[in-house]
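Reading through the structure tokens given below for one structure.
In the numbering used here, the protein residues as written are 667 to 1451.
Here it is as structure tokens:
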């Protein structure tokens, strides 16, 4: 079409503007359109991943929007301008679009069910048929929405009859009803208005469709060109957020993954739900601002200035999404991979959603109002307006984003070939780490570091100090330490530098003195290490990839414990229920005893024990603790009970620990050493402890030692406990658990050592190792066999 032909076209709407109620009735169609879009924008990206489409390909689904829109929008605009139906020019296209929406919604909503009907397996992904049906439905939805939205906007222009104020109001109302549809979508016989009949005199010379479109480009004036370019650039900024907002919340803010394990999927779903809440807040702001566009425009000196200001708001908010992402990543580095965002980060993300409703309201109204005014002034009917729609389709970054978003999935696959053990100088704590390493098959490939304090003398009064401060005070006093502190920076640097050659590094630490070192290693080399803290660190468990602790130590605030803790301190020590995702609870303590260890000990000690009469009873005596106090009285009581059961014992072997008080050891030695059935270990090497565990027929153990009881109960042999009634707080809970399990019985002095009973042996080492392997697998790592 030539420029002369355009200039000769009569104005599309020479009549007076239609009444406001008619404009409102047409604008309300936007609520229905946007209801479907709201569900689509918030749930499409997560849903396609559930069907089995990888995240990096999910954005390709959105390509159907611009591809269909580039064809449908101009065609609908062209033919609706020339429609001679008795129902009017716009109504047939609006009705057809509504029918297509219904078909599309059915296909999308029942894609999984229809796919299953055609042969998709419920337990397998990708679901090929469901993806094909979903893609077809999505194409239908885009075609339907383009068929609906263009004629609706054009209809509003017709009803405004070129009046600039009425045009801005009509588009503001359209934006308001879009907000209503958004709110409904995110949270969950009409009388036709008269339209001017198309008389034969209104007919223009028929021009081929694409010829008219290109002709419109040729004769567009500079203001229309500027409007088209700014609109296209504006929507390039908008659509990455509109398409991936809920996915951003689930993946970047919450740190989830729709294709990960159950914990990552839960994080992702939580983020999507919060993202939908943010979109609802966005829609509320959109609706409120839409009603005030005319008033705000007059106060700010015109629609163009208002549009410019809100575009700056848009730029700032989009930049802030990067800040929110970085804050969430930083929080996960310190709090743990499976820790959700803090309330502050969530509030910041939701605030961005809400504030973005302000520029979105202007974007939905001002550009289209300006296009209607400019198209009326040019006398080009609605062709120039359809060109604006084309710009909003061509700008859609599905074309760009679909290429740019093919990012590499997070996480680097690797094989764990080595481990580091960090101990606190206590054999019991270090053996817990060694036991876990042994169960993982890494015993021959581990390095040992120590964070140990000197013991005895004045040091016993300084045990409460943090080890770094303890070290600092001793240096000031000029005292040279004989202990070593594991260097977190050095270990982290080693993990990073050797990662590509030797794979990830497993760090296992135990004891309160190792907490700061282990957590620092994780903070400095999170992508290269997996840090396990054995024993309860008491605070900020999220600093570790995994915390392994006995149940009684985690739930330490038992009824007995409540009576011992001041009420104002109870909220600080009350455990999280249920335990955090990075917490694994065991029945007893980990230890350095397994079936392989016992077999080796049997071969090593069987000759020494061959001459001993059966049953062989082993007595392990620990030492008093704050929660299990005993002394001379219990020693004398124990001697009396041992004398009472000696008749049923073939042999009795007694071992003392390093914590056994000297007076207790002296009493027991004096009372029993003269009996021919009794052997008392003198503390010199070799230590017969493993031989006792392997070859004993029954055990008698003092109640203070969780480690010795855990080792004995892992053998499945009878275990008698002495002094359980003296235990308080969490130790009494541990004794109760073992008793209910059937693993232990109290020693009364009336027992027959030939008595046997069965129970399920403690298997904490193997269960803890299994959990470590599972958590490593989440990161794409595995332990080298």
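Glycine included, every Cβ here is placed at the ideal spot set by N, Cα and C.
In terms of residues, what are the limits of the beta strand (DSSP E) holding residue i?
i, result
"residue 1257", "That residue, residue 1257, is in no beta strand (DSSP E); it is neither H nor E in DSSP."
"residue 1216", "1212-1216"
"residue 613", "Lying outside 667 to 1451, the shown extent of the chain, residue 613 is not represented and no answer is given."
"residue 1318", "1317-1322"
"residue 1458", "Since the displayed the chain opens at 667 and closes at 1451, residue 1458 lies outside it and no answer follows."
"residue 1252", "1249-1252"
"residue 1080", "1080-1082"
"residue 1109", "No beta strand (DSSP E) holds residue 1109; DSSP gives it neither H nor E."
"residue 1207", "Unbroken run through residue 1207: none, as it is neither H nor E."
Could you give the DSSP three-state label for residue i: helix, strand or coil?
i, result
"residue 761", "helix"
"residue 1305", "helix"
"residue 992", "helix"
"residue 874", "Note that residue 874 scores a pLDDT of 44, beneath 50, so its modelled location is shaky; the value from the coordinates is reported in the next line. In the structure shown, residue 874 sits in coil (DSSP, three-state: anything other than H, G, I, E or B)."
"residue 1220", "helix"
"residue 1092", "coil"
"residue 1412", "strand"
"residue 1117", "coil"
"residue 883", "Legend: pLDDT at residue 883 = 49, less than 50; position of this residue unreliable, no value from coordinates given."
"residue 1359", "helix"
"residue 816", "helix"
"residue 784", "coil"
"residue 1020", "helix"
"residue 1196", "strand"
"residue 1099", "helix"
"residue 1072", "For residue 1072, the predicted model reports a pLDDT of 39, less than 50, meaning its position is unreliable and no value from the coordinates is stated."
"residue 749", "coil"
"residue 1282", "strand"
"residue 1369", "coil"
"residue 1176", "strand"
Within 10 angstroms of the Cβ of residue i, are there 16 or more other Cβ atoms? Answer buried if so, exposed if not.
i, result
"residue 1287", "buried"
"residue 971", "exposed"
"residue 1382", "exposed"
"residue 927", "exposed"
"residue 1352", "exposed"
"residue 1215", "buried"
"residue 1179", "buried"
"residue 901", "buried"
"residue 611", "Coverage of the chain is limited to positions 667 through 1451, which leaves residue 611 absent and any answer about it impossible."
"residue 973", "buried"
"residue 793", "buried"
"residue 1453", "This structure cannot speak to residue 1453, because the chain is shown only from 667 to 1451."
"residue 1019", "buried"
"residue 696", "buried"
"residue 772", "exposed"
"residue 1015", "buried"
"residue 1418", "exposed"
"residue 685", "exposed"
"residue 1357", "buried"
"residue 1451", "exposed"
Can you name the start and end residues of the alpha helix (DSSP H) that residue i belongs to?
i, result
"residue 686", "686-693"
"residue 1440", "1430-1444"
"residue 1380", "Here residue 1380 belongs to no alpha helix (DSSP H), and DSSP marks it neither H nor E."
"residue 1275", "1261-1275"
"residue 934", "928-957"
"residue 1005", "Run containing residue 1005: none; DSSP gives neither H nor E here."
"residue 1387", "Per DSSP, residue 1387 belongs to no alpha helix (DSSP H); it is in the beta strand (DSSP E), 1385-1388."
Is it the case that the segment 1420-1435 contacts the segment 1087-1106, given that we only count it when at least three CB pairs across the two stretches are under 8 Å? yes
Counting Cβ pairs closer than 8 Å, one from the segment 1001-1015 and one from the segment 971-984, do we hit at least three? no
Can at least three beta-carbon pairs, one atom from the segment 1372-1389 and one from the segment 1401-1414, be found at a separation below 8 Å? yes
Is the segment 1309-1321 in contact with the segment 1333-1346, if contact means three or more CB pairs nearer than 8 Å? yes
So, does the segment 1349-1369 touch the segment 1332-1341, judging by three or more C-beta pairs under 8 Å? no
Check whether the segment 1154-1163 and the segment 1188-1200 are in contact - that is, three or more C-beta pairs closer than 8 Å. yes
The segment 985-1001 in contact with the segment 904-923 per 3-pair CB rule at 8 Å: yes
Take every Cβ of the segment 754-765, pair it with every Cβ of the segment 819-827, and state whether three or more of those distances are shorter than 8 Å. yes
Please confirm if the segment 1269-1276 is in contact with the segment 1299-1306, defined as three or more CB-CB distances below 8 Å between the two stretches. no
Cβ contact check for the segment 774-781 and the segment 798-807: 3 or more pairs under 8 Å: yes
Does the pairing of the segment 1246-1256 with the segment 1319-1336 give three or more beta-carbon distances under 8 Å? no
May I ask you to verify whether the segment 1411-1429 touches the segment 1091-1100, counting CB pairs closer than 8 Å and requiring at least 3? no
With contact counted as at least three CB pairs below 8 Å, one residue from each stretch, are the segment 945-952 and the segment 999-1009 in contact? no
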